[in-house]
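Below is one structure; the comments refer to it alone.
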């Protein structure tokens with residue numbers, strides 16, 4: 013019998029990647045294409061949806077060609093995507109009516125502010141688990157319908173479709189035969205009732221989005237049709253879909269309550285699985301769908317840090333520390349251990365649990381003998397201390413899920429650094445598991461697809477295919493750790509708006 017393979021398609025904010033995995037979770041081949049972003053106005057971020065689809069086809073084909081394996085050995089494709097980015101397209105021609113509006117885009121801030129001022133945020137949070145913020149998809153869809161001439165009338169007439177990037181890509185891969193999304197992506201739109209697991213008529217009315225535009229909502233491991241023959245030379249089933257952070261949660265094996273992961277890229281996304289009971293956050297964390305498998309929904313609390321790896325980038329671009337992240341780390345490691353410098357990297361405001369868009373960055377605790385090394389060390393530490401903020405919020409919101417044996421599973425670019433990973437354990441007081449294979453988002457999509465294709469009998473069997481991880485334990489004394497966090501908590505209010 014031929015080896016059974018899974019092809020993961022990871023459509024991200026700055027690149028599109030395909031990775032071919034075997035049933036043990038080992039990566040056999042991959043291909044990547046960069047993705048251009050455009051900024052047509054202040055705070056606006058757009059993508060070319062046609063470019064996205066063309067890149068998806070190119071990387072799928074290249075990954076298979078590079079592997080030398082037969083397409084007939086691929087039992088399923090799994091799709092993961094940048095969440096909240098939306099496309100509206102013509103149902104007949106398949107052409108987008110406007111560039112894709114990216115999750116980072118802020119053009120609908122006035123709409124969210126007005127709805128908040130009108131007292132809608134509590135109800136929105138109750139239904140969707142989210143806050144009123146232009147980050148999410150619903151207001152973006154309404155903006156396109158209102159700004160593109162004739163779009164709203166065409167939407168009412170059933171001539172248009174919309175969806176997050178997963179829906180757009182699946183619709184195109186299946187030659188327009190499947191218009192579907194999964195529960196994790198649906199839960200990021202402000203339009204989805206996360207308890208009823210269905211589109212919410214009150215939210216559709218509030219955000220003025222016609223229901224007939226929206227895709228069907230399926231499980232993360234489900235039947236999303238088959239690719240058109242011309243994509244890979246034969247039909248291939250699409251059997252798994254999840255938004256990028258939920259796919260990474262799966263790729264990190266976080267399928268039980270209390271299991272949590274953090275992905276350190278430009279920013280940081282931290283999620284903790286809370287099981288089948290939907291948590292209610294009093295710490296301004298987001299409640300989201302962690303996964304839906306075999307009709308069973310599990311939930312997660314999510315917190316976002318706006319600036320993580322971007323702070324390290326600032327050391328080079330803003331302070332002139334040349335040589336990239338490795339040079340910045342090498343300099344940071346020479347800092348005096350008791351330097352007392354605190355960097356709050358609120359370059360674009362503060363994320364959870366503060367949600368202060370007006371906050372701005374600052375450096376505190378400078379003395380005559382503090383220099384670039386101390387500032388660099390404090391910048392790395394700021395990523396760990398922001399993580400501690402999220403951990404404390406999650407501990408307060410989900411005490412039953414947050415056990416004494418809790419550990420933080422990490423991936424992303426900053427996790428490549430053993431020094432930063434140890435510093436993270438030291439300053440949070442948590443055991444840290446550092447993924448040995450960093451493409452956990454694509455791996456999670458592959459595991460969902462393997463489940464959907466019957467390659468794995470259960471979620472437990474699927475996550476057992478994950479590569480091993482390195483375990484790190486806190487090495488800093490309690491007094492030093494709490495003193496560092498106290499300095500951080502003293503500094504943050506000083507930058508708040």
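Numbering (our numbering), first residue to last: 13 to 509. Think of the CB as a built atom: it goes at the ideal place given N, C-alpha and C, for glycine as much as any other residue.
Using a Cβ-Cβ cut-off of 7 Å (strictly less than) and excluding sequence neighbours within five positions of residue i, which residues of its own chain qualify?
i: residue 425; result: 276, 277 and 321
i: residue 400; result: 439, 440 and 497
i: residue 160; result: 109 and 110
i: residue 174; result: 98, 99, 100, 153, 225 and 226
i: residue 37; result: 455, 477, 478 and 479
i: residue 337; result: 324
i: residue 396; result: 435, 436, 439 and 440
Ignore the nearest five residues each way along the sequence and tell me which others in residue i's own chain have a CB closer than 6 Å to its CB.
i: residue 370; result: 509
i: residue 421; result: 264, 273 and 445
i: residue 8; result: Absent from the structure is residue 8, since the part of the chain shown begins at 13 and ends at 509.
i: residue 220; result: 154
i: residue 282; result: 274, 315 and 402
Specify the secondary structure class of residue i as computed by DSSP and reduced to three states.
i: residue 300; result: strand
i: residue 318; result: coil
i: residue 446; result: strand
i: residue 150; result: helix
i: residue 58; result: strand
i: residue 51; result: coil
i: residue 145; result: coil
i: residue 73; result: helix
i: residue 271; result: coil
i: residue 507; result: helix
i: residue 92; result: strand
i: residue 68; result: helix
i: residue 493; result: helix
i: residue 251; result: strand
i: residue 370; result: coil
i: residue 485; result: coil
i: residue 377; result: coil
i: residue 520; result: There is simply no residue 520 to check, as the chain begins at 13 and stops at 509 in what is shown.
i: residue 462; result: helix
Quick check on the DSSP output: the beta strand (DSSP E) that includes residue i runs from which residue to which?
i: residue 262; result: First-last for residue 262: 256-263, but that is the alpha helix (DSSP H), not the beta strand (DSSP E).
i: residue 101; result: 98-102
i: residue 45; result: 39-46
i: residue 34; result: 27-34
i: residue 343; result: Looking at the DSSP string, residue 343 is not in any beta strand (DSSP E); the run it does join, the alpha helix (DSSP H), is 336-344.
i: residue 356; result: 354-356
i: residue 286; result: 280-287
i: residue 22; result: 17-23
Report the option in the options whose CA atom is closest to the CA atom of residue i.
i: residue 372; options: 282, 292 and 318; result: 318
i: residue 304; options: 231, 362, 293 and 342; result: 231
i: residue 166; options: 148, 179, 100 and 368; result: 100
i: residue 88; options: 251, 22, 29 and 182; result: 251
i: residue 256; options: 287, 314, 500 and 237; result: 314
i: residue 238; options: 447, 28, 86 and 505; result: 86
i: residue 24; options: 33, 45 and 32; result: 45
i: residue 366; options: 501, 484, 334 and 181; result: 501
i: residue 122; options: 173, 55 and 93; result: 55
i: residue 325; options: 316, 339 and 312; result: 339
i: residue 84; options: 143, 241 and 183; result: 241
i: residue 353; options: 178, 29, 419 and 389; result: 389
i: residue 199; options: 310, 190 and 162; result: 310
i: residue 406; options: 316, 193, 208 and 64; result: 316
i: residue 156; options: 113, 287 and 171; result: 113
i: residue 73; options: 15, 480 and 246; result: 246
i: residue 377; options: 357, 392, 351 and 358; result: 351
i: residue 192; options: 202, 180, 329 and 386; result: 180
i: residue 449; options: 21, 31, 18 and 17; result: 31
i: residue 306; options: 287, 291, 342 and 234; result: 234
i: residue 512; options: 381, 344, 398 and 343; result: The question about residue 512 has no answer here: the residues shown for the chain are numbered 13 through 509.
i: residue 270; options: 412, 213, 134 and 143; result: 412
i: residue 76; options: 21, 437 and 119; result: 21
i: residue 360; options: 374, 347 and 349; result: 374
i: residue 57; options: 91, 341 and 96; result: 96
What are the boundary residues of the alpha helix (DSSP H) that residue i is part of?
i: residue 510; result: Nothing about residue 510 can be read from this structure; the chain reaches only from 13 to 509.
i: residue 140; result: 133-140
i: residue 472; result: 471-475
Give me, in chain order, the residues of the same chain whose beta-carbon lies closer than 8 Å to that of residue i; leave out the 5 immediate sequence neighbours on both sides.
i: residue 475; result: 262, 265, 267 and 459
(request) Jot down the residue ranges of each uninterrupted beta strand (DSSP E) in the stretch 381-456, minimum 3 residues, whole runs only, in chain order. (result) 419-423 and 443-447
(request) Could you tell me which uninterrupted beta strand (DSSP E) segments, each at least 3 residues in length, are contained entirely in the stretch 207-240, listed from first to last along the chain? (result) 228-230
(message) I'd like the ranges of any alpha helix (DSSP H) spanning at least 4 consecutive residues and lying wholly in the stretch 165-213.
(response) 177-185 and 195-198
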